[in-house]
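Visitor:
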Amino acid sequence: MRADRLVAVLLLMQSRGRVTAAEIAAEMEVSVATARRDLEALSAAGIPVYPQAGRGGGWALLGGARTDLSGLKASEARALFLLLGPAAAIAPEAKAALRKLVRALPSTFRQEAEAAADAVVVDPARWGEHRRARPVLVDLLEDAVVRRRKARLTYSGRERVVAPFGLVDKDDTWYLIAGTPGGRQTFRVDRVTDAEVTEEPAERPAHFDLAAAWNEVVTAMETRRATTTATATVDARHLPVLHDRFGRHCEVISQGERVRVTLTAPTALDIARQLAGWGDLVIVEGPQAVRDELAKLAAQLTTLYGRQDQ
1 MRADRLVAVL LLMQSRGRVT AAEIAAEMEV SVATARRDLE ALSAAGIPVY
51 PQAGRGGGWA LLGGARTDLS GLKASEARAL FLLLGPAAAI APEAKAALRK
101 LVRALPSTFR QEAEAAADAV VVDPARWGEH RRARPVLVDL LEDAVVRRRK
151 ARLTYSGRER VVAPFGLVDK DDTWYLIAGT PGGRQTFRVD RVTDAEVTEE
201 PAERPAHFDL AAAWNEVVTA METRRATTTA TATVDARHLP VLHDRFGRHC
251 EVISQGERVR VTLTAPTALD IARQLAGWGD LVIVEGPQAV RDELAKLAAQ
301 LTTLYGRQDQ
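Right, dumping it as structure tokens:
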């Protein structure tokens, strides 16, 4: 506990500039004698603290020195607080950690870091929707990942023991990437009906990269889904919207006033449904199956909403 207290004393001196033993005693809830011994211990350890006698005296860091216990550069501190600030708004533990880290920063970093922490709010709920609750099992599996422990899962009605490598939150749907006797697998957490963290150590591959592993999962999944390809043209000014709609399933073939693209989806009907609202802004060249599905949709809408003679 004394090591923690010595660090806290140093942070207090760093934030206030000059303190008395009585102030430290009150802050740390120890006796004045203990506070004085802590100050002397810091000095003996080579920390540049020194006492000043007389009115307005106390203990201070030599020359107003500021010790950055975090080791962060100014740009690194700002980036860290921009990243963690939104999490601190909803997680008490993150908020407490940020407060402690702020105190560990030099005064020249502190104001900008605090501003960065309050600069961004992340609202994961889509318009017109409530925010989805974080699945309870995510916390349990996260603990298994961090502590490198195997987990026993009940998944699709079958029990299995896995070595959790990492968790991925994709649009509020959580996935667990884990090692199994059959190789690396991905589990959708909301399909796990029960989970238990064991005390059996879990080995994670030495060069495992969670982001790269997830990209492989996404690429494989998108490849399986993209079984139908259509060729179409769209006005160049509308390409960004079409690309946003189809994402990685929209690839440009040629540029010009009219841009030629390929669009992929599981079925011809899936492509037609996504293009039906575009009218003549997107012209599908082929295959004929997609053109036929568009014609069917158009006929259905005409039957349903077309003007009927009275």
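1 is the number of the first residue of the sequence shown in the UniProt record's numbering; add one for each residue after it. For each residue, glycine too, the CB sits at the ideal point set by N, CA and C. Just so you know, these numbers come straight off a predicted model, no measurement behind them.
#1: Beta carbon of A226, beta carbon of H249: below 8 Å?
#2: Contact check, V120 vs P86 under 8 Å by CB: the rounded distance?
#3: With a threshold of 8 Å, are at least 3 pairs of Cβ atoms found where one atom belongs to the stretch 141 to 148 and the other to the stretch 186 to 197?
#4: Since D194 sits in a beta bridge, which residues does DSSP pair it with?
#5: Out of curiosity, what's the CA-to-CA distance linking R78 and V102?
#6: Can you tell me which residues form a DSSP beta bridge with T173?
#7: Report the residue from Q185, G179, H238 and L6 whose alpha carbon sits nearest the alpha carbon of I47.
#8: Taking the alpha-carbon positions, what's the E293 to V218 distance?
#9: Is G182 helix, strand or coil by DSSP?
#10: Taking the alpha carbon of L239 as the reference point, which residue from A230, T228, T229 and E251 has its own alpha carbon closest?
#11: I'd like the list of long-range same chain contacts for residue 378, defined as Cβ closer than 7 Å, with 5 residues on each side in sequence excluded.
#12: By DSSP, does L263 sit in helix, in strand, or in coil?
#13: L269 to G306, Cα distance in whole Å?
#14: What's the call for W174, buried or exposed, on a 16-neighbour Cβ count within 10 Å?
#15: Are the Cβ atoms of P164 and A213 separated by less than 8 Å?
#16: In the DSSP assignment, what are the bridge partners of P51?
#17: Looking only at its own chain, which residues have a Cβ that is under 7 Å from the Cβ of P135, when we skip the five neighbours before and after it?
#18: Would you mind reading off the limits of the beta strand (DSSP E) that contains A232?
#19: Using only CA atoms, which one of D169, R99 and R224 lies nearest to L210?
#20: Note the first and the last residue of the continuous beta strand (DSSP E) segment covering S254.
#21: Is the separation between the beta-carbon of L281 and that of I271 shorter than 8 Å?
#22: G279 to A230, Cα distance in whole Å?
#23: Reducing DSSP to helix, strand and coil, say where E93 ends up.
#24: Who are the near neighbours of T180 in its chain, counting only those whose CB is closer than 6 Å to its CB and skipping five residues on each side?
#25: Can you give the Cα-Cα distance for I283 and A276, rounded to whole angstroms?
#26: Might you give, ordered along the chain, the residues of its own chain that have their beta carbon closer than 7 Å to the beta carbon of Q185, omitting 5 neighbours on each side?
#27: Assuming the contact rule is C-beta atoms closer than 8 Å, I253 and R260 should be a hit. Round their C-beta distance to whole Å, please.
#28: How close, in whole Å, do the beta carbons of A26 and L39 come, if the pair is a contact with beta carbons under 8 Å?
#29: Go through its chain and collect everything with a Cβ distance to A298's Cβ below 6 Å, but skip five positions before and after it.
#30: When burial is assigned at 16 or more other CB atoms within 10 Å of the CB, is K100 buried or exposed?
#31: Do you know how far the Cα of E93 is from the Cα of A116?
Guide: In terms of the structure at hand:
#1: The residue given as residue 226 occupies position 226 in the sequence shown. The residue given as residue 249 occupies position 249 in the sequence shown. A distance below 8 Å separates the beta carbons of A226 and H249.
#2: As a working mapping, residue 120 is identified with position 120 in the sequence shown. As a working mapping, residue 86 is identified with position 86 in the sequence shown. Their Cβ separation, rounded to whole angstroms, is 5 Å, which keeps V120 and P86 in contact under 8 Å.
#3: These segments touch.
#4: If you number the sequence shown from 1, residue 194 lands on position 194. Answer is T154, bridged to D194.
#5: Start at 1 with the first residue of the sequence shown, and residue 78 comes out as number 78. Start at 1 with the first residue of the sequence shown, and residue 102 comes out as number 102. Each residue's Cα considered, the two are about 11 Å apart.
#6: Taking the first residue of the sequence shown as position 1, residue 173 is located at position 173. Answer by DSSP bridge pairing, in chain order: K170.
#7: The residue you call residue 47 lines up with position 47 of the sequence shown. Nearest to I47 by alpha-carbon distance, out of Q185, G179, H238 and L6, is L6.
#8: Start at 1 with the first residue of the sequence shown, and residue 293 comes out as number 293. Start at 1 with the first residue of the sequence shown, and residue 218 comes out as number 218. Each residue's Cα considered, the two are about 28 Å apart.
#9: Within the sequence shown, numbered from 1, the residue matching residue 182 stands at position 182. Per DSSP, reduced to three states, the secondary structure at G182 is coil, with no helix or strand assignment.
#10: For the purposes of this step, residue 239 is identified with residue 239 of the sequence shown, where counting begins at 1. Of A230, T228, T229 and E251, the residue nearest in Cα terms is E251.
#11: This structure leaves residue 378 out entirely; the chain is present only between 1 and 310.
#12: For the purposes of this step, residue 263 is identified with residue 263 of the sequence shown, where counting begins at 1. If DSSP states are grouped into helix, strand and coil, L263 belongs with the strands.
#13: Translated into the one-based positions of the sequence shown, residue 269 becomes position 269. Translated into the one-based positions of the sequence shown, residue 306 becomes position 306. Computed Cα separation, rounded: 22 Å.
#14: For the purposes of this step, residue 174 is taken as residue 174 along the sequence shown, with counting starting at 1. W174 is buried by the Cβ-count criterion.
#15: For the purposes of this step, residue 164 is taken as residue 164 along the sequence shown, with counting starting at 1. For the purposes of this step, residue 213 is taken as residue 213 along the sequence shown, with counting starting at 1. With a cutoff of 8 Å on beta-carbon distance, P164 and A213 are scored as not near each other.
#16: Your numbering for residue 51 matches position 51 in the sequence shown. In the DSSP secondary-structure assignment, P51 is bridged to W59.
#17: On the sequence shown, residue 135 is found 135 positions in, with the first residue counted as 1. Excluding residues within five positions, the ones whose Cβ falls inside 7 Å are W174, V189 and D190.
#18: As a first step, residue 232 must be located in the sequence shown, where it is residue number 232. Per DSSP, A232 is one residue of the beta strand (DSSP E) stretching across T228 to D235.
#19: The sequence position of residue 210 within the sequence shown is 210, counting from 1. With distances taken between Cα atoms, L210 lies closest to D169.
#20: Stepping through the sequence shown from its first residue, residue 254 is reached at position 254. Following the DSSP letters along the chain, one finds S254 inside the beta strand (DSSP E) bounded by residues C250 to S254.
#21: Position 281 of the sequence shown holds residue 281. Position 271 of the sequence shown holds residue 271. Taking a C-beta distance under 8 Å as the contact criterion, L281 and I271 do not qualify as a contact pair.
#22: Position 279 of the sequence shown holds residue 279. Position 230 of the sequence shown holds residue 230. When rounded, the distance between both Cα atoms is 16 Å.
#23: Numbered from its first residue, the sequence shown carries residue 93 at position 93. In this structure, E93 counts as helix in the three-state DSSP scheme.
#24: By one-based count along the sequence shown, residue 180 stands at place 180. Excluding residues up to 5 positions away in sequence, V162 lie with their Cβ nearer than 6 Å to the Cβ of T180 in the same chain.
#25: One-based indexing of the sequence shown puts residue 283 at position 283. One-based indexing of the sequence shown puts residue 276 at position 276. Here the alpha carbon of I283 sits roughly 11 Å from the alpha carbon of A276.
#26: In the sequence shown, residue 185 corresponds to position 185, counting from 1. Contacts found: A178.
#27: One-based indexing of the sequence shown puts residue 253 at position 253. One-based indexing of the sequence shown puts residue 260 at position 260. Between R260 and I253 the Cβ distance is about 4 Å, and since that is below 8 Å, they are a contact.
#28: The residue labelled residue 26 in the question sits at position 26 within the sequence shown. The residue labelled residue 39 in the question sits at position 39 within the sequence shown. In fact, because the Cβ distance is near 14 Å, the residues do not count as touching under 8 Å.
#29: Counted from its first residue, the sequence shown places residue 298 at position 298. Cβ within range, chain order: n/a, list empty.
#30: Residue mapping note: residue 100 aligns to position 100 of the sequence shown, counting from 1. Result: exposed.
#31: Stepping through the sequence shown from its first residue, residue 116 is reached at position 116. Stepping through the sequence shown from its first residue, residue 93 is reached at position 93. Approximately 18 Å between the Cα atoms of the pair.
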